[in-house]
Amino acid sequence: MKTRTLKKLKPIRIIGTIALASAIVLAGVLGFNIYKDTEAFDADKLLSSGASVMYDSNGEVMYTYGSDENGTRENITYDDLPQVLVDAVIAAEDSRFFEHNGFDLPRIAKAAISNLATGGRQGGSTITQQLIKKTYFPNAEKTYTRKLSEVFLAIQADKQLSKEEILTLYLNKIYFGRSTRSIGIAAACKYYFNKDVSELTLPEAALLAGSLNSPYNYDPYYCLDKATNRRNTILNLMVVHGYITQEECDQAKQVKIENTLCTSSSTSNNSTLAAYVDLVTEEVKERTGLDPKEVQMNIYTYCDKDTQELATAIANGDKYDYSDEDMRMGGAIQSSQDGRIVAIIGGRNYSYGLLNFATAKQQPGSSVKPFLDYGLAFENLDWCTGQTIVDEPYSKGNFKPKNWDRKFHGTVSVTSALENSWNIPAIKTYEEVTKKIGKSGVVSAMESLGIDMSKQKDPANLSYAIGGWTTGISPLEMASTYATISNNGLYTESHTINYIEIVQTGRVYNVDEDIQDEAKQSDYSKASAFMVREVMLDYTKNGSGNYAYLSGIDNVGAKTGTSNWASSKGNGMGGKSRDLWMTAYTPDYVCSVWMGFDKTGIDKGKTTSRYKAYPGKVVQMLLKHLQKNDSNKIYPEQPSTVIKDGNEYYKKGTSHSHHASETTEEATEEQTTENTDDTTSQDTGNQGTTDQGNTDQSSQNQGTSDQGNSEQGTTDQGTTNQGTTNQGTTNQGNTDQGTGSQGNQDSSTTPDTSQNTNQ
């Protein structure tokens, strides 16, 4: 029996041995191929490169990455390093650094076992490997191939360089925080403590060493508690490895980090340009796959320095008194015809790395009506600008929208409906559009204007017609949209960069040239876009309220937008205004400005009702400043496919019929009757409700002369202000400008609780 079992096992053992041998051979072959394909080690490449430089539209330096106030980056030598810093870094990052050959097998094995046991992703890289990764693979994905190449190069580095040289190169290149001013140990010491490396104390050295594990999460300017806990962990490790005594550890822990830091994290480089710099940095990464903080490059932008500084001054209250420090704002100014972004508003008192409100999505309110409702009707239903719609009581299930003035106006034209920003005609128009082109048609049209629709839910929902979007629109997207509309439907991607030069390789990325070559007609024909533009130009020229602020600006078209907190919220905020917009365009520029409150609005009972004139005044200041520059630009000419009949336009070859639907008896009877259905108005929000503080409810001229506002109220918004939050959760991740929370305030997207917006 035993003999038979052994005989049975023998073939299995043979097969197993062959399989193991094959695996070893295969691993060897793969390893050799990876080694063969790995770039040859070059010690000179490890030297910290010069800083990347950003230039404005005039070719003048506007920002230098990782530099001091003089725009230079300092590299230190090993002799400059205090022993306390060396000990702290070794204890924190690589306790066997002075013993291994660049690759620490026990450390790797320990990390692998820990990851298998916990499902975590603990790293096992040595300091040498980290230096190699930062130099040779700064943006590469984490793969076994890359890891093996990293090991091969680390071993070569250890053979050719001393440990002291490797550690010095590492400390000159690594990040110590979120800011570009914390790249390299010399810059980090200035950034945090305003002192030289040689002057570091034990608690300061432990803080810096602790940040290396996760510079973003342990930056004390943004995460003081986390940074403190991490510093204390490093102090404990220094005790474990015999670098300090327990008494020294305990004394160092008593030092409060906040008492050692500089008073400001943004004392160098021009912080008035910070929002634009951050936007450029992200665009560079997207277009090149390279990080300008890691790879030396020259970046030539379209930043109009004067306009950017004015925008920042306005946002910070230097040029305008907002009366409320909790109000958030974001904005974008770009060329109307070529997509070049000249300035942005990242937020109030914006500093490098914060949440950039120029790119954060907000509920758009009625800002979408011209292009989403009527523009798509011109395009897909062949409507003319004189097309009529019946403004009458309307409901779909629990969705019972109202107009801002609580009236119905019977048969109205597209021009009149848009000029007065009435909700019912917009919704009925959108309903007809979606019947014709469906959800996919809406998504395609919006994306063709430069709006990201990837996270928008159910665009066929009728609340979208009046701005009740799931995730909203950013000021940059809004500016891009109206630039396309004003340019007869020709879409040119919005961008900040002219071209980029990579210093080491000499490669040039001709960003603007490529974008201009790729400009294309959106889903809006020249005719449809032209008709939207002309309607807006006409009512803006003759308008009052917020539009009156633009009276001194030539050839301007504009649209306001407002949205409300959902009336279903049991926090006393229901139905009160939350978001305010003004977007205006000329033949030269488009300027879009958003203002509002995020979660802090709920906490403090704040609304935007008192501040409805603000966006219009800000847009006026920016466009008047830009209008000072001489310009010969004009709007693209009227397409040959458009015919003008009196004051109205229609597309050649279409029926010049004005009627979308017959006026009903109910609408005729109620066209001048106030809607007093308070229960339904609670679900929709009104552009003229008394809680908005409006006094002239009967006037069809928006009832806002006492507020200087064309937008009297809005709608109920159960969807969220996706991005409005914490001005501390950034595109780089951080948070400083607020205490709100990123994400939905009310994520409901059903018609009964959401998105009834306004004017």
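In the working numbering, the protein residues as written are 3 to 761.
Each residue gets a CB set at the ideal place from its N, CA and C atoms; glycine is no exception.
Quick one: Cα of Thr562 to Cα of Pro617, how far? Here the question's residue 562 lines up with position 560 in the sequence shown. Here the question's residue 617 lines up with position 615 in the sequence shown. One C-alpha to the other measures close to 9 Å.
In terms of residue numbering, what span does the alpha helix (DSSP H) encompassing Arg232 cover? Working through the sequence shown from its first residue, we reach residue 232 at position 230. Where Arg232 is concerned, the enclosing alpha helix (DSSP H) starts and stops at 226-242.
Excluding five sequence neighbours on each side, which residues of the same chain lie with their C-beta closer than 7 Å to the C-beta of Gly491? For this step, residue 491 is matched to residue 489 along the sequence shown. Gln523, Ser524, Tyr526, Ser527, Lys528, Ser530, Ala531, listed in sequence order.
Taking all protein chains shown into account, do 16 or more other C-beta atoms lie within 10 angstroms of the C-beta of Ala45, making it buried, or fewer, making it exposed? Position 43 of the sequence shown holds residue 45. Around the Cβ of Ala45, a 10 Å sphere holds fewer than 16 other Cβ atoms; the residue is exposed.
Sort Pro205, Asp58, Leu478 by Cα distance to Ala254 and report the nearest one. Your numbering for residue 254 matches position 252 in the sequence shown. Its Cα nearest to that of Ala254, the residue Pro205 stands out among Pro205, Asp58, Leu478.
In the structure shown, what three-state DSSP assignment does Ala345 receive? In the sequence shown, the residue the question calls residue 345 occupies position 343. Ala345: strand per DSSP, three-state reduction.
What residues in its chain sit with their C-beta under 6 Å from that of Met448, if we drop five residues either side in the sequence? By 1-based counting over the sequence shown, the position of residue 448 is 446. The answer, listed in chain order, is Met455.
Those runs of the alpha helix (DSSP H) which lie wholly inside the segment 395-438 and span at least 4 residues: Look at the segment 395-438 and you find these whole runs of alpha helix (DSSP H), each 4 residues long or longer: 416-422.
Based on DSSP bridge pairs, tell me the residues matched to Asp647. Start at 1 with the first residue of the sequence shown, and residue 647 comes out as number 645. Asp647 is bridged to Glu650.
Cβ-Cβ distance between Ala467 and Ala428 below 8 Å: Here residue 467 refers to the residue found at position 465 when the sequence shown is read from its first residue. Here residue 428 refers to the residue found at position 426 when the sequence shown is read from its first residue. Note that the C-beta distance between Ala467 and Ala428 is below 8 Å.
Note down, in chain order, each residue of its chain lying with its Cβ closer than 8 Å to the Cβ of Tyr613, except the 5 sequence neighbours on either side. Your numbering for residue 613 matches position 611 in the sequence shown. Tyr324, Ser325, Asp326, Met329, Leu582, Met597, listed in sequence order.
Which residue from Leu133, Leu357, Ser482 puts its Cα closest to that of Phe373? Against the sequence shown, residue 373 aligns to sequence position 371. Nearest C-alpha to Phe373: Ser482.
Excluding the 5 residues preceding and the 5 following Glu495 in the sequence, name in chain order all residues of the same chain whose CB lies nearer than 6 Å to its CB. Position 493 of the sequence shown, counted from the first residue, corresponds to residue 495. Excluding residues within five positions, the ones whose Cβ falls inside 6 Å are Gly341, Ile517.
Option nearest Tyr587 by Cα separation, candidates Tyr304, Ser369, Gln364: Looking up residue 587 in the sequence shown gives position 585. If we check each option's Cα against that of Tyr587, Ser369 comes out closest.
Give the straight-line distance between the Cα atoms of Glu2 and Phe359, rounded to the nearest whole angstrom. A query on residue 2 cannot be resolved here, the shown segment of the chain reaching from 3 to 761 and no further.
Where Thr130 falls, given that 16 or more other Cβ within 10 Å makes a residue buried: Looking up residue 130 in the sequence shown gives position 128. Flag for Thr130 reads buried.
Count the other C-beta atoms from every protein chain shown that fall within 10 angstroms of the C-beta of Phe100, then say buried if there are 16 or more, exposed otherwise. Residue mapping note: residue 100 aligns to position 98 of the sequence shown, counting from 1. Under this definition Phe100 is an exposed residue.
Which same chain residues end up closer than 7 Å to Glu152 when comparing Cβ atoms and leaving out the 5 residues on each side of it in sequence? Here residue 152 refers to the residue found at position 150 of the sequence shown. Hits under 7 Å: Gln131, Ile134, Lys135, Phe139.
What does DSSP give as the partner residues of His497 in its beta bridges? Working through the sequence shown from its first residue, we reach residue 497 at position 495. Paired residues: Arg342.
Please report whether the beta-carbon of Ala419 lies at a distance below 8 Å from any beta-carbon of chain C. Looking for chain C here will not work: only one protein chain is present.
Where Pro108 and Glu285 are concerned, what is the direct C-alpha to C-alpha distance, given to the nearest angstrom? Position 106 of the sequence shown, counted from the start, is the residue given in the question as residue 108. Position 283 of the sequence shown, counted from the start, is the residue given in the question as residue 285. Looking at the two C-alpha atoms, the distance is approximately 41 Å.
Could you pull the start and end residues of the beta strand (DSSP E) that Asp762 belongs to? Given a span of 3 to 761 for the chain in the structure shown, any question on residue 762 remains unanswerable.
Near Ala211, which residues of its chain fall below 8 Å by C-beta distance, leaving aside the five closest residues on each side in sequence? Working through the sequence shown from its first residue, we reach residue 211 at position 209. If we look at Ala211 and ignore the five residues flanking it on each side, its Cβ neighbours are Leu87, Ala90, Val91, Ala93, Ala94, Glu95, Ile236.
Beta bridge counterpart(s) of Asp581 as assigned by DSSP: What you label residue 581 is simply residue 579 of the sequence shown in a count that begins at 1. Asp581 pairs with Ser565, Gly598.
Would you please state the rounded distance, in angstroms, between the beta carbons of Ala334 and Leu552? I believe it to be under 8 Å. Position 332 of the sequence shown, counting from 1, holds the residue named residue 334. Position 550 of the sequence shown, counting from 1, holds the residue named residue 552. Contact annotation, Ala334 with Leu552: C-beta distance approximately 17 Å; criterion of less than 8 Å not satisfied.
Quick one: measure Cβ to Cβ for Thr203 and Ile78, integer angstroms, because I've assumed they're closer than 8 Å. The sequence position of residue 203 within the sequence shown is 201, counting from 1. The sequence position of residue 78 within the sequence shown is 76, counting from 1. Contact flag wrong, Cβ pair sits at about 17 Å.
What does DSSP give as the partner residues of Leu133 in its beta bridges? What you label residue 133 is simply residue 131 of the sequence shown in a count that begins at 1. Answer is none; Leu133 lacks a bridge partner.
Could you tell me which residues DSSP pairs with Ala334 in its beta bridges? In the sequence shown, residue 334 corresponds to position 332, counting from 1. According to DSSP, which records beta bridges pairwise, Ala334 is partnered with Ile346, Ser594.
Would you report the Cα separation of Asn234 and Thr309, rounded to the nearest angstrom? Residue mapping note: residue 234 aligns to position 232 of the sequence shown, counting from 1. Residue mapping note: residue 309 aligns to position 307 of the sequence shown, counting from 1. Spanning the two alpha carbons is a distance of roughly 45 Å.
Would the segment 337-356 and the segment 298-315 be scored as touching if the rule is three or more Cβ pairs under 8 Å? Flag = yes, the segment 337-356 and the segment 298-315 touch.
Output the boundary residues of the beta strand (DSSP E) element that contains Val63. Translated into positions along the sequence shown, residue 63 becomes position 61. Counting along the chain, the unbroken beta strand (DSSP E) around Val63 starts and ends at 63-66.
Excluding sequence positions up to five away, which residues of its chain have a Cβ less than 6 Å from the Cβ of Val444? The residue labelled residue 444 in the question sits at position 442 within the sequence shown. Excluding residues up to 5 positions away in sequence, Pro461 lie with their Cβ nearer than 6 Å to the Cβ of Val444 in the same chain.
Hey, Tyr423 and Lys363: beta-carbon distance below 8 Å or not? Mapped onto the sequence shown, residue 423 falls at position 421. Mapped onto the sequence shown, residue 363 falls at position 361. Residue identity check: residue 423 is Ser in the sequence provided, not Tyr. Taking 8 Å as the Cβ cut-off, Ser423 and Lys363 do not qualify as a contacting pair.
Val279 lies in the alpha helix (DSSP H); which residues open and close that run? Numbered from 1 along the sequence shown, position 277 holds the residue referred to as residue 279. In the DSSP annotation of this structure, the continuous segment of the alpha helix (DSSP H) that includes Val279 starts and ends at 276-290.
Kindly indicate which three-state DSSP category Thr472 falls into: helix, strand or coil? Stepping through the sequence shown from its first residue, residue 472 is reached at position 470. In the three-state DSSP reduction, Thr472 falls in the coil class, being neither helix nor strand.
Rounded to whole angstroms, what's the CA-CA distance from Thr66 to Glu296? Just pull it up for me. Here the question's residue 66 lines up with position 64 in the sequence shown. Here the question's residue 296 lines up with position 294 in the sequence shown. If you take the alpha carbons of Thr66 and Glu296, they lie about 12 Å apart.
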